[in-house]
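Okay, so the sequence shown: first residue is 1 according to this note's numbering, each after it adds one. Backbone N, C-alpha and C define an ideal beta-carbon position, used for all residues, glycine too. These notes are about the structure you will find just below.
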Amino acid sequence: MSRRARIALKAAIWGGCLVPLGTLVYWYARDDLTANPISFVTTTLGDWTLRILLASLAMTPIRLVLGVSWPITLRRLLGLFAFFYVCLHFSVWIVLDFFFDWHRMWEDIVKRPYITMGMLGLLSLIPLAATSTAGMIKRLGARRWRRLHRLVYLAGVAGCVHFLWLAKVGRTDQYWYVATLVLLLSIRLGDVALRAVRRRRERRTATVATAEIRMP
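This is how it looks when you write it as structure tokens:
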């Protein structure tokens with residue numbers, strides 16, 4: 001993919017990811033945030049957090065299935081947008097729902113499992129956002145950085161469970177999110193298994209070749 005194409009694709013990601021926030025601002029200006037605006041805004045931001053996070057998780061499986069490299073260039077950008085939206089999601093909960101009543105918030109986190117899972121997802125994304133720069137990759141080293149960023153899978157699982165437990169009766173989109181996550185994780189685990197098998201075969205081949213060389 002050419003440099004211009006990559007820039008255009010990233011610009012499209014920026015535009016697409018900012019549309020939900022712009023739409024909320026537009027609805028707010030029109031006083032059209034439904035009869036329960038706090039719940040509506042919180043839910044909308046949470047939905048888009050999970051959608052963008054799953055899109056970020058989909059980049060590597062797309063590369064594996066299609067054999068193209070360009071999706072990897074979008075993974076970090078999508079991950080940062082997911083972190084941006086989850087911060088907005090929790091900010092509404094902290095400021096508008098509880099107005100900085102930390103004691104009540106802590107009780108809610110402990111008593112309500114879906115909030116516990118949502119908080120786990122947020123905490124999983126914080127170190128990823130903090131180490132998303134090229135400078136942090138150099139400081140940590142590529143191997144350590146990759147290991148740390150496996151937390152994104154924990155964030156994805158926590159986000160899907162959070163939504164699954166939170167969803168009201170009659171909603172079905174939470175199951176689509178869970179199914180999408182299962183599919184993406186299955187592709188990743190399948191690739192890991194295939195690489196392990198290849199390494200074993202290569203080791204066996206190398207061992208046999210070494211033994212044949214040493215034979216008199």
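Whose C-beta lies closer than 7 Å to the C-beta of residue 48 among residues of the same chain, with five residues either side of it excluded?
For the purposes of this step, residue 48 is taken as the residue at position 48 of the sequence shown. Only residues of its own chain outside the window of five on either side were considered, and among them 20 and 85 have a CB closer than 7 Å to the CB of residue 48, listed in chain order.
Return the CA-CA distance between residue 100 and residue 117, expressed in angstroms with no decimal places.
Here residue 100 refers to the residue found at position 100 of the sequence shown. Here residue 117 refers to the residue found at position 117 of the sequence shown. For residue 100 and residue 117, the distance between alpha carbons rounds to 20 Å.
Measure the beta-carbon distance from residue 125 to residue 82 and round it to whole angstroms, keeping in mind my assumption that it falls under 8 Å.
Counting from one through the sequence shown, the residue named residue 125 turns up at place 125. Counting from one through the sequence shown, the residue named residue 82 turns up at place 82. Contact between residue 125 and residue 82 holds, with the beta-carbon distance rounding to 7 Å and staying under 8 Å.
Just the C-alpha distance for residue 104 and residue 89, rounded to the nearest angstrom, thanks.
Against the sequence shown, residue 104 aligns to sequence position 104. Against the sequence shown, residue 89 aligns to sequence position 89. Straight-line spacing of the CA atoms in residue 104 and residue 89 works out to 18 Å.
So, is the C-beta of residue 141 closer than 8 Å to a C-beta in chain C?
The chain inventory of the structure shown lacks chain C, comprising one protein chain alone.
I need the DSSP call for residue 165, collapsed to helix, strand or coil.
As a first step, residue 165 must be located in the sequence shown, where it is residue number 165. DSSP places residue 165 in helix when its eight states are reduced to three.
Check whether the stretch 185 to 194 touches the stretch 69 to 76, taking contact to mean three or more Cβ pairs, one atom from each stretch, closer than 8 Å.
At 8 Å Cβ cutoff, the stretches do not touch.
Assign residue 145 to one of three DSSP states: helix, strand, or coil.
Taking the first residue of the sequence shown as 1, we reach residue 145 at position 145. Secondary structure of residue 145 (DSSP, three-state): helix.
Residue 17 and residue 52 look like a contact to me (Cβ under 8 Å); what is the Cβ gap, rounded to whole Å?
Residue mapping note: residue 17 aligns to position 17 of the sequence shown, counting from 1. Residue mapping note: residue 52 aligns to position 52 of the sequence shown, counting from 1. Confirmed, about 6 Å.
Considering just the uninterrupted stretch of the alpha helix (DSSP H) at residue 38, what are its terminal residues?
As a working note, residue 38 is residue 38 in the sequence shown. Here the alpha helix (DSSP H) through residue 38 covers 37 to 66.
Closest to residue 164 by CA distance: which of 179, 152 and 98 is it?
Against the sequence shown, residue 164 aligns to sequence position 164. Relative to residue 164, the option among 179, 152 and 98 whose CA is nearest is 179.
Would you call the stretch 37 to 46 and the stretch 139 to 151 touching, i.e. three or more CB-CB distances under 8 Å?
In the pairwise beta carbon analysis, the stretch 37 to 46 is classified as not touching the stretch 139 to 151: fewer than three pairs are separated by under 8 Å.
Suppose you measure from the CA of residue 155 to the CA of residue 185; what does that come to, to the nearest Å?
Within the sequence shown, the letter at position 155 stands for residue 155. Within the sequence shown, the letter at position 185 stands for residue 185. Taking the straight line joining both Cα atoms gives about 13 Å.
Quick check on the DSSP output: what are the complete alpha helix (DSSP H) runs of length 4 or more inside the stretch 86 to 127, in order along the chain?
The alpha helix (DSSP H) runs of length 4 or more contained entirely in the stretch 86 to 127 are, from start to end of the chain, 102 to 111.
Alpha carbon of residue 143 to alpha carbon of residue 26, nearest angstrom
If you number the sequence shown from 1, residue 143 lands on position 143. If you number the sequence shown from 1, residue 26 lands on position 26. Rounded to the nearest angstrom, the two C-alpha atoms are 44 Å apart.
Cβ shell of residue 29 (< 8 Å), same chain only, five flanking positions each side left out
Taking the sequence shown and counting its residues from 1, one reaches residue 29 at position 29. Beyond the five residues adjoining it in sequence on each side, residue 29 comes within less than 8 Å, by CB distance, of no other residue in the same chain.
When we look at the beta-carbon of residue 42 and count the other beta-carbons within 10 Å, is it buried (16 or more) or exposed?
Numbered from 1 along the sequence shown, position 42 holds the residue referred to as residue 42. Counting Cβ neighbours within 10 Å, residue 42 comes out buried, since at least 16 surround it.
Name the two residues that bound the continuous alpha helix (DSSP H) containing residue 27.
Taking the first residue of the sequence shown as 1, we reach residue 27 at position 27. Note, residue 27: alpha helix (DSSP H), 3 to 29.
Of the choices 50, 77, 34 and 44, whose alpha-carbon is the least far from that of residue 12?
Residue numbering aside, residue 12 sits at position 12 when the sequence shown is read from its first letter. Looking at the Cα atoms, 77 is the closest of the given residues.
Report back the beta-carbon spacing between residue 177 and residue 50 to the nearest angstrom; my notes put them in contact at under 8 Å.
Residue 177 sits at position 177 when you count from the first residue of the sequence shown. Residue 50 sits at position 50 when you count from the first residue of the sequence shown. Taking 8 Å as the upper bound for CB-CB distance, residue 177 and residue 50 are in contact here, some 6 Å apart.
Sequence-distant residues of its chain with Cβ nearer than 6 Å to residue 54 (five each side left out)
Numbered from 1 along the sequence shown, position 54 holds the residue referred to as residue 54. So the list reads 180, once near-sequence residues are dropped.
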